[in-house]
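Let me begin by presenting the structure, written as structure tokens, before commenting on it.
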Amino acid sequence: MRVKSNWDLKPLYDVIAKIQGSANPDEWIIRGNHHDGWVNGAEDPISGQVALLEEARAMGELLKSGWKPKRTIIYCAWDGEEPGLLGSTEWAETHADELSQHAVAYINSDSNGRGYLDLIGSHTLEKFMNDVARDIQDPETKLSAWKRDQLRDIANAPSPERKQEIRQRADLRLAALGSGSDYTPFLQHVGIASLNIGYGGEDRGGIYHSIYDDFYWYTHFGDTDFVYGRALAQTGGSAVMRLADADLLPFEFGNFADTVQMYVRELKQMSQKMQDEIRERNRELDEGLFAATADPKEKSVPPKKEDVPPHLNFAPLENAADALSASAGEYTKAFARTREIGGATLASISLADVNKLLMESERKLLTREGLPNRPWYRHQLYAPGFYTGYAAKTVPAVREAIEQKQWKQAEQGIGVVARVLQDEAALISSAAQKLSAAH
Ligand SMILES: [Zn+2]
34 MRVKSNWDLK
44 PLYDVIAKIQ
54 GSANPDEWII
64 RGNHHDGWVN
74 GAEDPISGQV
84 ALLEEARAMG
94 ELLKSGWKPK
104 RTIIYCAWDG
114 EEPGLLGSTE
124 WAETHADELS
134 QHAVAYINSD
144 SNGRGYLDLI
154 GSHTLEKFMN
164 DVARDIQDPE
174 TKLSAWKRDQ
184 LRDIANAPSP
194 ERKQEIRQRA
204 DLRLAALGSG
214 SDYTPFLQHV
224 GIASLNIGYG
234 GEDRGGIYHS
244 IYDDFYWYTH
254 FGDTDFVYGR
264 ALAQTGGSAV
274 MRLADADLLP
284 FEFGNFADTV
294 QMYVRELKQM
304 SQKMQDEIRE
314 RNRELDEGLF
324 AATADPKEKS
334 VPPKKEDVPP
344 HLNFAPLENA
354 ADALSASAGE
364 YTKAFARTRE
374 IGGATLASIS
384 LADVNKLLME
394 SERKLLTREG
404 LPNRPWYRHQ
414 LYAPGFYTGY
424 AAKTVPAVRE
434 AIEQKQWKQA
444 EQGIGVVARV
454 LQDEAALISS
464 AAQKLSAAH
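Here the sequence shown stands for residues 34 to 472, numbered as in the numbering used here.
This is the structure in structure tokens:
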């Protein structure tokens, strides 16, 4: 095969629009979707981009009627997403210092269709995103987008225990962000709490990045009457306005700590399972099991004997996760008291110090050095897998080291992530104390 590529240099155009905040102009809510398409791009990215434009239009109408957001809102249409998240990455890198001082959250969308609301993003915003989803009506069922998601999750749950958890847990779990869209530089390089929103699951697809992703396909098989376009604009617009106008930023750490505890349990189980499997296979080799069961008429090769992986010391990670749970508990308590006291008192006290810490809570999850072998990715909880393309790896420094059987790196990763989480726990405790002192 002969491949011919066009290596011309072309300019890219990001379109950035800003609504200045009236009370806290230095706190930024950022909302983005790319505008370049691989070919025709009706679904990817225009179905997401039109929802974003509709939100921006609605905010314009509100501004004309006298509404002013407390915080600054920045709407972004990214160019060059398809060849490698180029427009958003250049913008985020150029403004990295300002962003780490001022950014509250980044809300991304990319494409949209009929079906279910995706719940993906930073777990410090899990409760916030659940609350938004509870207030959006699903156009087909007239249930809330949240209820429809919950019922779908129960239907798909692999075990009775999991079904039970979905029924009983107050909030639906957010999936972790990997990559494949413009949230990557904001979340994984600059450490801005991020969400990715979009509807889908009933539109079949098959057109992704092809010439068939066009207006005909979209209006016959995608969101045929654009009702999910409206739902997405309502979802993104509600999220942006709530973040822009909240007295106290809607970060929450109970769900976050619960998620970290779950990741730590997964890592321990994965490590144990690898030991068990290798031990069993070595035993089967010693027993001559593979030679005995191989059909001599079919060519086969038995697996090689492997060293049983060493026991890793997960204690630093477990202690850090417990510290996180404890500080999350403190914050939840301080927050509940704030609610008891009520809105009038809350508005009269200064929450600036608390908000400042809440904004920093995602930044704290970065390290300066970044992940092993890829220093640009600095978030210690979420990354695209080194070998998985878009798919997320959580606690990547530890998880990938175990998967690659790099035990020394796994131990080092445990130390690094544990320190990051201890620092995060200290920040959350400090936010809880400041919130209590504000009463
Ligand atoms: Zn896209």
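Note that beta-carbon positions come from the ideal geometry of N, C-alpha and C, so glycine has one too.
Whose beta carbon lies closer than 5 angstroms to any heavy atom of ligand 1, going through the chain in order? Here the list is D77, P78 and D143.
V223 and S133: beta carbons closer than 8 angstroms? Yes, the pair counts as a contact, with Cβ atoms nearer than the cut-off.
Terminal residues of the continuous alpha helix (DSSP H) containing T127? It spans L119 to T127 - the alpha helix (DSSP H) in which T127 sits, taken as one unbroken run.
Give the DSSP bridge partners of S227, in chain order. Beta-bridge partners of S227 (DSSP): Y139.
Cβ-Cβ separation, L281 to L150 (assumed contact under 8 angstroms), whole Å: Going by Cβ atoms, the distance from L150 to L281 rounds to 25 angstroms, so no, they are not a contact pair.
Under DSSP, the alpha helix (DSSP H) around S292 begins and ends at which residues? For the record, residue 292 in the displayed sequence is Thr; it is not Ser. Residues G287 to E320.
Same chain, Cβ closer than 6 angstroms to K51, five either side skipped, listed in chain order: Here K51 has I107 as same chain residues with Cβ atoms under 6 angstroms from its own Cβ, once five neighbours each way along the sequence are excluded.
Using a 10 Å radius around the Cβ and a threshold of 16 neighbouring Cβ atoms, would you call I20 buried or exposed? A question about residue 20 goes unanswered here, because the residues of the chain that appear run from 34 up to 472.
Assuming D59 is part of the alpha helix (DSSP H), what are its boundary residues? Bounds of any alpha helix (DSSP H) do not take in D59; it lies within the beta strand (DSSP E) bounded by N57 to H67.
Is DSSP giving P473 helix, strand or coil here? Residue 473 lies beyond the range of the chain shown here (34 to 472); nothing can be said about it.
Determine the direct distance from the alpha carbon of D112 to that of A348, and round the result to whole angstroms. Straight-line Cα distance between these residues: approximately 45 angstroms.
Closest by C-alpha distance to V297, when choosing among T127, A190, A451 and G418: Cα-wise, what sits closest to V297 is A451.
DSSP three-state label for A266, please. Here A266 carries a helix assignment [DSSP, helix/strand/coil].
Once the 5 residues before and after A226 are set aside, which same chain residues still bring their CB inside 6 angstroms of it? Closer than 6 angstroms at Cβ, skipping near neighbours: A138, S155, T157, L158 and E395.
Less than 8 angstroms separating the beta-carbons of G146 and Y245? Taking 8 angstroms as the Cβ cut-off, G146 and Y245 do not qualify as a contacting pair.
Drop a sphere of 10 angstroms on the beta-carbon of L49, count the other beta-carbons inside from all chains shown, and report buried for 16 or more, exposed for fewer. Residue 49 is actually Ile in this sequence, not Leu. Exposed.
Check whether the stretch 308-327 and the stretch 236-256 are in contact - that is, three or more C-beta pairs closer than 8 angstroms. Output reads no: the stretch 236-256 does not touch the stretch 308-327.
Would you say the beta carbon of Y46 is closer than 7 angstroms to some non-hydrogen atom of ligand 3? You won't find ligand 3 in this model; what it holds is ligand 1.
Proximity of G211 and P417 at Cβ, strictly below 8 angstroms: G211 is a Cβ neighbour of P417, given a cutoff of 8 angstroms.
A416 bridges to which residues according to DSSP? Bridge partners of A416 according to DSSP: K426.
In chain order, each beta strand (DSSP E) run of at least 3 residues that lies wholly inside the stretch 227-260: Annotation: the stretch 227-260 contains the following complete segments of the beta strand (DSSP E) (minimum length 3 residues), in chain order: 227-229 and 232-234.
In three-state DSSP terms, what is R452? Helix at R452.
Along the alpha helix (DSSP H) that carries G81, what are the first and last residues, could you check? Residues G81 to K97.
Beta strand (DSSP E) segment containing T105, residue limits: Run containing T105: R104 to W111, per the beta strand (DSSP E) assignment.
Buried versus exposed, by CB contacts within 10 Å (16 or more), G422: Counting every other CB atom within 10 Å of its CB across the protein chains shown gives G422 a total below 16, marking it as exposed.
Pick out whichever of N73, L220 and I62 has its Cα sitting closest to the Cα of H135. For the set N73, L220 and I62, the Cα lying nearest the Cα of H135 is the one of I62.
Inter-residue spacing [alpha-carbon to alpha-carbon] between A430 and L119: Distance between the alpha carbons of A430 and L119 is about 25 angstroms.
Counting only runs of 4+ residues fully inside the stretch 330-415, write out the alpha helix (DSSP H) ranges in chain order. Fully enclosed alpha helix (DSSP H) runs of 4 or longer: 348-374, 376-381 and 385-396.
Could you give the first and the last residue of the continuous beta strand (DSSP E) run that contains A50? V48 to I52 is the span of the beta strand (DSSP E), which, as asked, contains A50.
Around the C-beta of E402, are 16 or more other C-beta atoms found within 10 angstroms, so that it is buried, or is it exposed? Looking at its Cβ environment, which holds fewer than 16 other Cβ atoms inside 10 Å, E402 is exposed.
Report yes or no: do the stretch 189-201 and the stretch 94-106 share at least 3 C-beta pairs separated by less than 8 angstroms? Between the stretch 189-201 and the stretch 94-106 there are fewer than three C-beta pairs closer than 8 angstroms, too few to call the two in contact.
A208 (DSSP reduced to helix, strand or coil): DSSP, read as helix, strand or coil, puts A208 in strand.
How many angstroms separate the CA atom of D130 from the CA atom of E393? Straight-line measurement puts the Cα of E393 at about 13 angstroms from the Cα of D130.
S381 to H344, Cα distance in whole Å? Note that S381 has pLDDT 47, beneath the 50 cutoff, so the model's placement of it is unreliable and no number is given.
Which of the three DSSP states, helix, strand or coil, is assigned to G148? G148: strand per DSSP, three-state reduction.
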